[in-house]
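Take 1 as the starting number for the sequence shown in full-length UniProt numbering and just add one per residue. Encoded as structure tokens, the structure appears first; notes follow it.
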Amino acid sequence: MGDAHRATPGHAESVTMPAGTFRRRTFWWDRARPVDADIAPLRAVIFDADDALAEAGCAGDLAPRAGLIDLVMNLFVAGIWVGVVSTRARAWAETLVRQLIGEGLVETIVTADDVERPDGNIDLYRLALWELGITPQDALAVAGSAHGARAATAAGLPALLVAPCAAAEFTGAAAVRCGYDGATPLLAAGCRELHRRWWIARRRSRLVASR
Numbered sequence: 001m002g003d004a005h006r007a008t009p010g011h012a013e014s015v016t017m018p019a020g021t022f023r024r025r026t027f028w029w030d031r032a033r034p035v036d037a038d039i040a041p042l043r044a045v046i047f048d049a050d051d052a053l054a055e056a057g058c059a060g061d062l063a064p065r066a067g068l069i070d071l072v073m074n075l076f077v078a079g080i081w082v083g084v085v086s087t088r089a090r091a092w093a094e095t096l097v098r099q100l101i102g103e104g105l106v107e108t109i110v111t112a113d114d115v116e117r118p119d120g121n122i123d124l125y126r127l128a129l130w131e132l133g134i135t136p137q138d139a140l141a142v143a144g145s146a147h148g149a150r151a152a153t154a155a156g157l158p159a160l161l162v163a164p165c166a167a168a169e170f171t172g173a174a175a176v177r178c179g180y181d182g183a184t185p186l187l188a189a190g191c192r193e194l195h196r197r198w199w200i201a202r203r204r205s206r207l208v209a210s211r
């Protein structure tokens, strides 16, 4: 470049931009935020001990539902808390958890003994969230009946209904499964995906309703 075209030190060189350049540009603050931008990560899975943990064994005693132990262990390894709620007495619930799951894997157990007036499990879920120090946005409920799934949803949680498919008629569930096992066993990654999809769908429905 010749001296005639060299910029003088301390002076900005005038640059002519094509007309409409800035009108065509889109800045990050002008773009619509992704629907899942603020979806909280899954921090806890709360099981309904009344229906979601046990099934009758060959001798008529209670045994863990197929795939339950693998799921609980996988949640534990993934750093996702496991909670349990029950409309029955604490002694019964704690005995059941020890028998089916063992010690040290369940972060909190909330029972009918812990609330004054259990309102269809709703207060149980709310207290479990409080004891874990989280909000409904951080948790996924696992229920074994439509009644339990409705209670979890009423408490603000997405609910996975694990029940015989013929009896699973609650359309408000995040998903319905016949069991924890099967061709695609339910593990921590599946819980995270169910949780995420439910909150995205809920956010989209709110956006549509607000238009």
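All C-beta atoms in this analysis are idealised placements derived from N, C-alpha and C, irrespective of residue type, glycine included.
In the three-state reduction of the DSSP assignment, Thr95 falls in the helix class, which pools H, G and I.
Between Phe47 and Val142, the CB-CB gap stays under 8 Å. For the 8 Å CB-CB criterion, Ala93 and Tyr125 do not form a contact. For Ile46, the uninterrupted beta strand (DSSP E) run begins and ends at Ala44 to Asp48, by DSSP.
Taking all protein chains shown into account, Pro41 has fewer than 16 neighbouring C-beta atoms within 10 Å of its C-beta and is therefore exposed. Nearest C-alpha to Gly156 among His147, Thr135, Ala175 and Gly67: Thr135. For Gly144, the closest of Arg192, Gln137, Ala173 and Ala188 by C-alpha to C-alpha distance is Ala173. One alpha carbon belongs to Ala63, the other to His147, and they sit about 22 Å apart. Straight across, the Cα-Cα distance linking Pro158 with Arg65 is about 21 Å. Residue pairing by DSSP puts Glu55 in a beta bridge opposite Ala63.
By the CB criterion at 8 Å, Val45 and Cys191 fall inside the cutoff. Listed as beta-bridge partners of Gly83 by DSSP are Ile46 and Thr108. Using a Cβ distance threshold of 8 Å, Val110 and Val85 count as a contacting pair. Separation of Thr153 and Ala89 (C-alpha to C-alpha, rounded to the nearest whole angstrom) is 23 Å. Counting along the chain, the unbroken beta strand (DSSP E) around Ala143 starts and ends at Ala139 to Ala143. Secondary-structure assignment with DSSP links Leu160 through a beta bridge to Val142 and Ala175. Taking all protein chains shown into account, Thr171 has fewer than 16 neighbouring C-beta atoms within 10 Å of its C-beta and is therefore exposed. Contact annotation: Val106 and Gly83 have beta-carbon atoms nearer than 8 Å. Rounded to whole angstroms, the Cβ separation of Leu129 and Leu160 is 16 Å, and the two are not in contact under 8 Å. For Gly148, the three-state secondary structure derived from DSSP is helix. In the three-state DSSP reduction, Val115 falls in the coil class, being neither helix nor strand.
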